[in-house]
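Chains as they are written, first to last, in the numbering used here: chain A, 729 to 1160; chain B, 4 to 324.
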């Protein structure tokens, strides 16, 4: 979607900041040589980072300051945030994942004014994006996007074992993928300490079998029959269906294994499809055909308690130690604006969806490949980390220590009851 | 007025007293520099400053953090030994402590045995000796993160070249879970640490070997000692002090190792390969619980202190004897 005029219209409408810049055609009075550093993850769609680097030049011109992006592995973001906050220096804006703004509240600037603007301008946030960035009554980060996780699978292999439609329940998934594992095509799932795919699988599995980290009041409620049933399923699924090397995988291993023709399916963002499409000359199936033609996506199957998902939400936090907080907020208003965001969104090609519902109307969805259409509304069934209680710093601590992921990892090789008891004990230490 | 110089041989001829170029009492600066105590202080100051800034300050901060409830963005307050007690009651901490001990013990043993063996071999004369000695240092020279990444690829759960070789060679029928099983993972880490640390042992022991006079070996040979006896009764006693120093260094470095495990396993699966350093990092830096992380890392201090103290005492005894 190209919205060059809309951006200007919007900017004039805001009445301050960039409107003034555009009206006077002069950059604001930031000291010469002022630099704004933004730290983000390395995107699984490399073209997105290329687009951001290009946008840095536009932003520099618009804001009258030098805008620079730095990209690092998502698993290294949390250590960098801690180091930056404690040393009182570092990037002016940092990419936040999940409910991290709750954990880093003390080091972040209140951006409620920007959140109010963005929600009004772009049709309101998805519940998940709002819950993760709003700490108490204040927005401590500005919601940016969501990377939905769907099961990426090889259609022809599923057809071969009689599954012409994707399994609707976890038990069906186990039955079908067990047949595929016997044929040398296991299901690929990480249970390692890695930011995206591991929690995106583990949390919904717990919820869909009726388990929960906490009750509605935020008190620990893990040691239940539902949690034990979820771990029991995982144990059987692991043995019957999965590539058991997944215990040591990070977020990239399943992409490589899938594109290498090693696994039949995996819970993932759309990066496998997009990479297979962009590299279809090289990424082929066993018949020598472009693998992308054989890739489909499906939502997580249902368990006895429903079919919930967990999608990784992203936001941007303005750091309290920063000397250019106004510039940082001006930049975010520009960066989250419809025009720059729209260009980036187009490049992401469905891998990232908006944090607001406005982006469901983007023309991209009209022309996107049929296997990608499911990503458009995927965030509508997402629960949040810490469910059934509210997202909180404690829930972020549970996530950061990978307690829920480790419960399943322990469960695949031990007694499910012991794994749940261990995790419940860890939760008690955290929640008190 | 000319004055005879007093003393001497009585009626000495007149001697002209030369005018003094400087006053008899040295200037303030000269006096300052001529004072040995001051000079020593000046010369030591940069070192003291560096040690203070880079060793003492972080150490004191670490101790303070471990006694506080500091978390990321929150100053925290004094909580006494609460963090230490919490760590001690933490099952992952106990696993990490055990792993650190096992990892240090076996890696040091392997490095010592293999390093000694390599040093003895390299102490002989053969063609290309210099080339072999230089190339032996490669694992030690390559940055740990880089070489560990290479090992991680070799142990990759899906595309491991080692699994491929073993499978093609008919040694296995299913993949060896190099990194996806905690026990295998820790042993893989020990192997990589041994590979990386062995050259340090070898080169240091080789230097020690070259200080041993060949006459001693010759005399032992004449007395009928075979290779093993010459090693055990001549080489080893003379090499003991060097060996102890190397072992002390190695234990300190291995016990506090971080990079290797962080890159190779990240402490997984399910925390089963964490060492104290990686677990402290996971809690303190990744999760932001700085007080608890500092307490975990400080558990290394008394252990290392005792090990080093015992070994250095032994070394002194050896030197005295």
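Even for Gly, the Cβ is constructed at its ideal location relative to N, Cα and C.
Margin query: So, under 8 Å CB-CB, residue 1087 (chain A) and residue 1073 (chain A) are touching, yes? Tell me the CB distance rounded to an integer number of Å.
Written below: Walking along the first chain from the start, residue 1087 (chain A) turns up at place 359. Walking along the first chain from the start, residue 1073 (chain A) turns up at place 345. The pair is a contact, with the Cβ atoms about 6 Å apart (cut-off 8 Å).
Checklist line | residue 859 (chain A) versus A:1115, A:1136, A:1140 and A:1090, residue with shortest Cα-Cα distance | finding: Working through the first chain from its first residue, we reach residue 859 (chain A) at position 131. Residue 859 (chain A) has its Cα closest to that of A:1115, out of A:1115, A:1136, A:1140 and A:1090.
Check: At a cut of 8 Å, does the region 927 to 934 of chain A reach the region 1031 to 1040 of chain A through at least three beta carbon pairs?
Finding: Inter-segment contact for the region 927 to 934 of chain A and the region 1031 to 1040 of chain A is present: three or more beta-carbon pairs are separated by less than 8 Å.
Note to self: Based on DSSP bridge pairs, tell me the residues matched to residue 1031 (chain A).
What the structure shows: Working through the first chain from its first residue, we reach residue 1031 (chain A) at position 303. Looking at the DSSP assignment, residue 1031 (chain A) forms a beta bridge with A:1034.
Note to self: Do residue 182 (chain B) and residue 976 (chain A) count as a contact pair if the criterion is CB distance below 8 Å?
What the structure shows: Against the first chain, residue 976 (chain A) aligns to sequence position 248. Against the second chain, residue 182 (chain B) aligns to sequence position 179. It is a contact, given that the beta carbons lie within the stated cut-off.
Next item on the list: Go ahead and label residue 74 (chain B) buried or exposed: buried means 16 or more other beta carbons lie within 10 angstroms of its beta carbon, across all protein chains shown.
Entry: Here residue 74 (chain B) refers to the residue found at position 71 when the second chain is read from its first residue. Around the beta carbon of residue 74 (chain B), 16 or more other beta carbons lie within 10 angstroms, which makes this residue buried.
Next item on the list: State the DSSP-derived secondary structure class of residue 213 (chain B), mapped to helix, strand or coil.
Entry: Taking the first residue of the second chain as position 1, residue 213 (chain B) is located at position 210. When DSSP states are grouped into helix, strand and coil, residue 213 (chain B) belongs to the coil group.
Check: Residue range of the beta strand (DSSP E) that residue 63 (chain B) falls in?
Finding: On the second chain, position 60 is the one that residue 63 (chain B) refers to. Note, residue 63 (chain B): premise wrong, no beta strand (DSSP E); alpha helix (DSSP H) at 60 to 69.
Item checked: Cutoff 8 Å: residue 749 (chain A) Cβ touching any chain B Cβ -> As a first step, residue 749 (chain A) is located in the first chain; it is residue number 21 there, counting from the start. In this prediction, residue 749 (chain A) scores a pLDDT of 44, lower than 50, which makes its location untrustworthy; no coordinate-derived value is stated.
Check: Shorter than 8 Å from the beta carbon of residue 1148 (chain A) to some beta carbon of chain B?
Finding: For the purposes of this step, residue 1148 (chain A) is taken as the residue at position 420 of the first chain. For residue 1148 (chain A), the answer is no, since every Cβ of chain B falls outside 8 Å of its Cβ.
Next item on the list: Can you have a look at residue 827 (chain A) and say buried or exposed, based on whether 16 or more other CB atoms are within 10 angstroms of its CB?
Entry: The sequence position of residue 827 (chain A) within the first chain is 99, counting from 1. Classification for residue 827 (chain A): buried.
Margin query: Taking the alpha-carbon of residue 290 (chain B) as reference, which of A:1123, A:1052, A:898 and A:939 has the nearest alpha-carbon?
Written below: As a first step, residue 290 (chain B) is located in the second chain; it is residue number 287 there, counting from the start. Looking at the Cα atoms, A:1123 is the closest of the given residues.
Notebook entry, point to check: Is there at least one Cβ from chain B nearer than 8 Å to residue 806 (chain A)'s Cβ?
Noted result: Sequence index remark: in the first chain, residue 806 (chain A) carries index 78 (1-based). Chain B, which has a Cβ nearer than 8 Å to the Cβ of residue 806 (chain A), makes this yes.
Checklist line | Run of the alpha helix (DSSP H) containing residue 147 (chain B), from where it starts to where it stops | finding: In the second chain, counting from the first residue as 1, residue 147 (chain B) sits at position 144. It spans 147 to 157 - the alpha helix (DSSP H) in which residue 147 (chain B) sits, taken as one unbroken run.
Next item on the list: Locate the beta strand (DSSP E) running through residue 1161 (chain A), then write down its first and last residues.
Entry: This structure cannot settle anything about residue 1161 (chain A), because the visible part of chain A is limited to 729 through 1160.
Note to self: Going by DSSP in three states, residue 992 (chain A) sits in which element: helix, strand or coil?
What the structure shows: Walking along the first chain from the start, residue 992 (chain A) turns up at place 264. For residue 992 (chain A), the secondary structure class from DSSP, reduced to helix, strand or coil, is coil.
Checklist line | Nearest candidate by alpha-carbon position, reference residue 246 (chain B), set B:31, B:212, B:184 and B:310 | finding: In the second chain, counting from the first residue as 1, residue 246 (chain B) sits at position 243. Closest by C-alpha distance to residue 246 (chain B), out of B:31, B:212, B:184 and B:310, is B:212.
Next item on the list: In the DSSP assignment, find the unbroken beta strand (DSSP E) run with residue 1154 (chain A) in it and report its ends.
Entry: As a working mapping, residue 1154 (chain A) is identified with position 426 in the first chain. Taken as a continuous stretch (DSSP letters only), residue 1154 (chain A) belongs to no beta strand (DSSP E), being part of the alpha helix (DSSP H) at 1144 to 1159.
Notebook entry, point to check: Taking three-plus beta-carbon pairs below 8 Å as touching, is the region 1010 to 1022 of chain A in contact with the region 981 to 992 of chain A?
Noted result: Result yes; three or more Cβ-Cβ pairs closer than 8 Å.
Next item on the list: Identify whether residue 323 (chain B) lies in helix, strand or coil by the three-state DSSP scheme.
Entry: Residue mapping note: residue 323 (chain B) aligns to position 320 of the second chain, counting from 1. Helix.
Check: With distances taken between CB atoms, is the gap from residue 946 (chain A) to residue 1117 (chain A) smaller than 8 Å?
Finding: Taking the first chain and counting its residues from 1, the one referred to as residue 946 (chain A) is at position 218. Taking the first chain and counting its residues from 1, the one referred to as residue 1117 (chain A) is at position 389. Result yes, Cβ atoms of residue 946 (chain A) and residue 1117 (chain A) sit closer than 8 Å.
Note to self: I'd like the span of the beta strand (DSSP E) that includes residue 1040 (chain A), first residue to last.
What the structure shows: Counting from one through the first chain, the residue named residue 1040 (chain A) turns up at place 312. For residue 1040 (chain A), the enclosing beta strand (DSSP E) stretches over residues 1040 to 1046.
Next item on the list: Would you decide whether residue 267 (chain B) is buried or exposed? Buried here means 16 or more other CB atoms lie within 10 Å of its CB.
Entry: Taking the second chain and counting its residues from 1, one reaches residue 267 (chain B) at position 264. Buried is the label assigned to residue 267 (chain B), since at least 16 other Cβ atoms lie within 10 Å of its Cβ.
Next item on the list: Could you say if the region 865 to 872 of chain A and the region 832 to 850 of chain A meet the contact criterion of at least three C-beta pairs nearer than 8 Å?
Entry: Contact between the region 865 to 872 of chain A and the region 832 to 850 of chain A is present: three or more C-beta pairs spanning the two stretches fall below 8 Å.
Check: If you measure from the beta carbon of residue 183 (chain B) to each beta carbon in chain A, is any gap under 8 Å?
Finding: As a working mapping, residue 183 (chain B) is identified with position 180 in the second chain. Interface residue, yes.
Checklist line | Inter-residue spacing [alpha-carbon to alpha-carbon] between residue 154 (chain B) and residue 195 (chain B) | finding: Reading the second chain from its first residue, position 151 is the one you call residue 154 (chain B). Reading the second chain from its first residue, position 192 is the one you call residue 195 (chain B). Taking the CA atoms as reference points, residue 154 (chain B) sits about 7 Å from residue 195 (chain B).
Next item on the list: Determine, using beta carbons only, whether residue 1137 (chain A) comes closer than 8 Å to chain B.
Entry: Residue mapping note: residue 1137 (chain A) aligns to position 409 of the first chain, counting from 1. For residue 1137 (chain A), the answer is yes, since a Cβ of chain B falls inside 8 Å of its Cβ.
Notebook entry, point to check: Near residue 237 (chain B), which residues of its chain fall below 8 Å by C-beta distance, leaving aside the five closest residues on each side in sequence?
Noted result: For the purposes of this step, residue 237 (chain B) is taken as the residue at position 234 of the second chain. So the list reads 215, 219, 220, 223 and 228, once near-sequence residues are dropped.
Checklist line | N-terminal and C-terminal residue of the alpha helix (DSSP H) that residue 301 (chain B) is part of | finding: Taking the first residue of the second chain as 1, we reach residue 301 (chain B) at position 298. It spans 293 to 301 - the alpha helix (DSSP H) in which residue 301 (chain B) sits, taken as one unbroken run.
Margin query: Helix, strand or coil, according to DSSP, for residue 794 (chain A) in the structure here?
Written below: On the first chain, position 66 is the one that residue 794 (chain A) refers to. If DSSP states are grouped into helix, strand and coil, residue 794 (chain A) belongs with the strands.
Next item on the list: Please name the residue or residues paired with residue 824 (chain A) in a DSSP beta bridge.
Entry: Taking the first chain and counting its residues from 1, one reaches residue 824 (chain A) at position 96. According to DSSP, which records beta bridges pairwise, residue 824 (chain A) is partnered with A:1043.
Check: Relative to the alpha-carbon of residue 794 (chain A), which residue among A:1081, A:786 and A:954 has its alpha-carbon at the smallest distance?
Finding: Reading the first chain from its first residue, position 66 is the one you call residue 794 (chain A). Ranking A:1081, A:786 and A:954 by Cα distance to residue 794 (chain A) puts A:786 first.
Check: Can you tell me whether DSSP reads residue 266 (chain B) as helix, strand or coil?
Finding: As a position in the second chain, residue 266 (chain B) is number 263, starting the count at 1. Residue state, collapsed to three classes: helix.
Margin query: Just to confirm my understanding: we take residue 1131 (chain A), look at its own chain, exclude 5 residues before and 5 after, and list those with CB closer than 6 Å. What are they?
Written below: The residue given as residue 1131 (chain A) occupies position 403 in the first chain. Within its own chain, the residues whose Cβ lies closer than 6 Å to the Cβ of residue 1131 (chain A), once the five positions on either side in sequence are excluded, are 1151 and 1154, listed in chain order.
Notebook entry, point to check: Can you name the start and end residues of the alpha helix (DSSP H) that residue 106 (chain B) belongs to?
Noted result: In the second chain, residue 106 (chain B) corresponds to position 103, counting from 1. Its alpha helix (DSSP H) spans residues 94 to 125.
Margin query: Quick check: is the beta carbon of residue 977 (chain A) nearer than 8 Å to any beta carbon in chain B?
Written below: Position 249 of the first chain, counted from the first residue, corresponds to residue 977 (chain A). Closer than 8 Å to some Cβ of chain B, the Cβ of residue 977 (chain A) qualifies, so yes.
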